[in-house]
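Chemist: First, the structure itself, so that you have it in front of you.
Protein chains: 2
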Amino acid sequence: MCALHFCDVARDDGSNNGVRRVRRRGLAHEVADHIRESILTGRVAPGEPLREVDLASSLDVSRGSVREGLAMLEREGLVRSEWHRGARVIDLGPQDVNEVYMVRAALERLATVSAAANMTPTRLADLDSLVQAMGRALEDDADGLTLLALDLAFHDRVYEAADNSRLTDSWHGVRSQVRLIQLVRIERDQAHYRDLLVAEHHDLVRLISRGPSEELARAAEEHVDAARRVLAPLVDHGRSDAPR
Amino acid sequence: MCALHFCDVARDDGSNNGVRRVRRRGLAHEVADHIRESILTGRVAPGEPLREVDLASSLDVSRGSVREGLAMLEREGLVRSEWHRGARVIDLGPQDVNEVYMVRAALERLATVSAAANMTPTRLADLDSLVQAMGRALEDDADGLTLLALDLAFHDRVYEAADNSRLTDSWHGVRSQVRLIQLVRIERDQAHYRDLLVAEHHDLVRLISRGPSEELARAAEEHVDAARRVLAPLVDHGRSDAPR
DNA sequence: CCTTGTCGAAATGTCAACATTTGAACATCA
DNA sequence: TGATGTTCAAATGTTGACATTTCGACAAGG
Numbered sequence: 581m582c583a584l585h586f587c588d589v590a591r592d593d594g595s596n597n598g599v600r601r602v603r604r605r606g607l608a609h610e611v612a613d614h615i616r617e618s619i620l621t622g623r624v625a626p627g628e629p630l631r632e633v634d635l636a637s638s639l640d641v642s643r644g645s646v647r648e649g650l651a652m653l654e655r656e657g658l659v660r661s662e663w664h665r666g667a668r669v670i671d672l673g674p675q676d677v678n679e680v681y682m683v684r685a686a687l688e689r690l691a692t693v694s695a696a697a698n699m700t701p702t703r704l705a706d707l708d709s710l711v712q713a714m715g716r717a718l719e720d721d722a723d724g725l726t727l728l729a730l731d732l733a734f735h736d737r738v739y740e741a742a743d744n745s746r747l748t749d750s751w752h753g754v755r756s757q758v759r760l761i762q763l764v765r766i767e768r769d770q771a772h773y774r775d776l777l778v779a780e781h782h783d784l785v786r787l788i789s790r791g792p793s794e795e796l797a798r799a800a801e802e803h804v805d806a807a808r809r810v811l812a813p814l815v816d817h818g819r820s821d822a823p824r
Numbered sequence: 581m582c583a584l585h586f587c588d589v590a591r592d593d594g595s596n597n598g599v600r601r602v603r604r605r606g607l608a609h610e611v612a613d614h615i616r617e618s619i620l621t622g623r624v625a626p627g628e629p630l631r632e633v634d635l636a637s638s639l640d641v642s643r644g645s646v647r648e649g650l651a652m653l654e655r656e657g658l659v660r661s662e663w664h665r666g667a668r669v670i671d672l673g674p675q676d677v678n679e680v681y682m683v684r685a686a687l688e689r690l691a692t693v694s695a696a697a698n699m700t701p702t703r704l705a706d707l708d709s710l711v712q713a714m715g716r717a718l719e720d721d722a723d724g725l726t727l728l729a730l731d732l733a734f735h736d737r738v739y740e741a742a743d744n745s746r747l748t749d750s751w752h753g754v755r756s757q758v759r760l761i762q763l764v765r766i767e768r769d770q771a772h773y774r775d776l777l778v779a780e781h782h783d784l785v786r787l788i789s790r791g792p793s794e795e796l797a798r799a800a801e802e803h804v805d806a807a808r809r810v811l812a813p814l815v816d817h818g819r820s821d822a823p824r
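Right, dumping it as structure tokens:
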């Protein structure tokens, strides 16, 4: 559906003004997009096998392209595949949440400080408008999906401002998993999530506006770690009686 | 040459005792191994194109396998490829060194603290023996290649002890680039590198043995950041007069 | 002289057929 | 009965051929 790769929320600034930068990306990308959406919306369940022939015929492309698309999703951590045993959707348990969020905390610490180091008024206003949008969405957005999209968009902007392609690559290595985990959050922890969302991001913006500092680094790290502590226990679904 | 993927230095503990864990990995892995070594030993220069047909005929495999191998190297950051324009060996400049080492510092901070959190006597002794091996290699190892291998092996063990697969994946996303950058170091900064190597790692082991602490986190971060400050200016070769 | 359009070779993207591996059901034997 | 060996289908790994795109050279036009 969404032609732009990682855009859950369209940007409203002056960029992309009508020129439609469509630079073609190949079938593998579209295959990856389609499967990613299937996983992220729950159309395919965790642990479910992703058979190349099925996907190829269903998407009407060759197996080679499906193969390449699956490799991309493996890079994002959404899929795990083994030699001659195919690919399966990952099944996240509490330990996986800990892993993902600990790495995310480390990355976000660097990203936030770097972003603060080369922050511009335009970017700052951009971040602020996202926080305000969160505030507005708190009342309208029943299912919390818009809230989640704004949350991720905020952090994407931070990474963008950090201006470090290796950092962005690393972030993309856990981003989809974060998104998948957050899905659990809006299912089982709506209230708590909503309560903290705006306040924490507002704090982050305030600290970012003051430039890099140890206080900011700690805040960014803690922002993620608090989420980890909440989420890890929440994902323990039917795992105790079906450990394998 | 080296059948084991990331092992520059064979482990001397009890593992791998004769059983030869060869678990097959497919042609793409061997292709990736071969090209990686070609890049890391300088047989193919930075910026040089890696043509699929050439590699396929030279390695006597199909283009599909080469393609998959190149995708792996792209994941490691050793290669960059664009739509219908093929893959090229990366050409690292000062800014790239900054990016790689800033991300590495963030990862290493987490890895070292996590490793300290679940350190065992065996692992600690293992790390210590690597540091001692560095001390011995200081005199014998003329070209510094063994020193470099020991250095990387040390940090690999730290990540292994951290026991976080997402963290290890992120590390692998910059590890080969780190290795490529270090090659410059042993070419142009032998003396400085040798002076600090053992002392810094010895400090790290000492702090790790005392368990997780903010001091350890700072030390790990600083260990990498010091390297960054030394290396970034060193890689500025023929880049000023040929920016594009 | 600079710009623009066409052409063609070289390289990559895509595809469908063939080869290999795996896991499990089934049969066999101690 | 339990362990072991065999067989077979389903799925992936691998391959060579075909389609598409890029980028240079070259010529025509302003």
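Chains as they are written, first to last, in our numbering: chain A, 581 to 824; chain Y, 581 to 824.
From the three backbone atoms N, C-alpha and C, an ideal C-beta is built for every residue, glycine too.
If you're wondering where the values come from, they're calculated on a predicted model, not measured in any experiment.
Determine, for Ala-807 of chain Y, whether the minimum Cβ-Cβ distance to residues of chain A falls below 9 Å.
Modeler: For Ala-807 of chain Y, the answer is no, since every Cβ of chain A falls outside 9 Å of its Cβ.
Chemist: Which term fits Asp-613 of chain Y, buried or exposed, when burial requires 16 or more other beta carbons within 10 angstroms of its beta carbon?
Modeler: Buried, since its Cβ has 16 or more Cβ neighbours within 10 Å.
Chemist: Closer than 7 Å, Cβ to any Cβ of chain Y: which residues of the segment 786-815 of chain A, in chain order?
Modeler: Answer set for the segment 786-815 of chain A: empty.
Chemist: Is the segment 704-722 of chain A touching the segment 776-788 of chain A in the sense that three or more CB pairs, one from each, lie closer than 8 Å?
Modeler: At 8 Å Cβ cutoff, the stretches touch.
Chemist: Indicate whether the contact test is met: 3 or more Cβ pairs, each with one atom in the segment 657-676 of chain Y and one in the segment 715-731 of chain Y, closer than 8 Å.
Modeler: Because the criterion of three Cβ pairs below 8 Å is not met, the segment 657-676 of chain Y and the segment 715-731 of chain Y do not touch.
Chemist: Rounded to the nearest angstrom, what separates Met-682 of chain Y and Arg-631 of chain A at their Cα positions?
Modeler: Rounded to whole angstroms, Met-682 of chain Y to Arg-631 of chain A spans 39 Å at the Cα level.
Chemist: Could you check whether the segment 676-695 of chain A touches the segment 733-746 of chain A, counting it as contact only if at least three pairs of C-beta atoms, one from each stretch, sit closer than 8 Å?
Modeler: As far as the Cβ criterion goes, the segment 676-695 of chain A touches the segment 733-746 of chain A, which means the pair count is three or higher.
Chemist: Just how far apart, CA to CA, sit Val-754 of chain Y and Glu-654 of chain Y?
Modeler: C-alpha separation (whole angstroms): 11 Å.
Chemist: Give the DSSP-derived three-state secondary structure of Leu-718 of chain A in the structure shown.
Modeler: Helix, per DSSP.
Chemist: Go to Ala-696 of chain A, then tell me how far its alpha helix (DSSP H) extends in each direction, as first and last residue.
Modeler: Start and end: 674-697.
Chemist: Count the CB pairs spanning the segment 792-812 of chain Y and the segment 758-765 of chain Y that are closer than 8 Å, and state whether there are at least three.
Modeler: Counting Cβ pairs under 8 Å, three or more are found: they touch.
Chemist: Can the beta-carbon of Val-711 of chain A be found closer than 9 Å to that of Leu-732 of chain A?
Modeler: No, these two residues do not count as a Cβ contact at 9 Å.
Chemist: Going along chain A, which residues have a C-beta under 7 Å from Gly-606 of chain Y?
Modeler: Under the 7 Å cutoff, chain A gives Trp-663.
Chemist: Could you tell me whether the Cβ atoms of Ala-800 of chain Y and Glu-719 of chain Y are closer together than 9 Å?
Modeler: Cβ distance not < 9 Å, so Ala-800 of chain Y and Glu-719 of chain Y don't count as in contact.
Chemist: At 9 Å on the CB atoms, spell out the chain Y contacts of Leu-747 of chain A, in chain order.
Modeler: Here the neighbours are Glu-679, Met-682, Val-683, Ala-686.
Chemist: Please name the residue, chosen from Y:Thr-748, Y:Arg-647, Y:Ala-696, that lies closest to Ser-789 of chain Y on a Cα-to-Cα basis.
Modeler: That would be Y:Ala-696, whose Cα lies nearest to the Cα of Ser-789 of chain Y.
Chemist: Given this structure, state the Cα-to-Cα distance separating Asp-816 of chain Y from Pro-674 of chain Y, to the nearest angstrom.
Modeler: Cα to Cα, Asp-816 of chain Y sits roughly 6 Å from Pro-674 of chain Y.
Chemist: When you compare only the Cα positions, how much space is there between Leu-730 of chain Y and Ser-642 of chain Y?
Modeler: Straight-line Cα distance between these residues: approximately 35 Å.
Chemist: List, in chain order, every chain A residue whose beta-carbon is nearer than 7 Å to that of Arg-689 of chain Y.
Modeler: Near Arg-689 of chain Y (Cβ distances below 7 Å), the residues of chain A are Ala-686.
Chemist: May I ask you to list the residues that DSSP assigns as paired with Pro-629 of chain Y?
Modeler: Per DSSP, Y:Arg-668.
Chemist: In the DSSP assignment, the alpha helix (DSSP H) including Val-659 of chain Y goes from what residue to what residue?
Modeler: Val-659 of chain Y -> not in any alpha helix (DSSP H); beta strand (DSSP E) instead, spanning 659-662.
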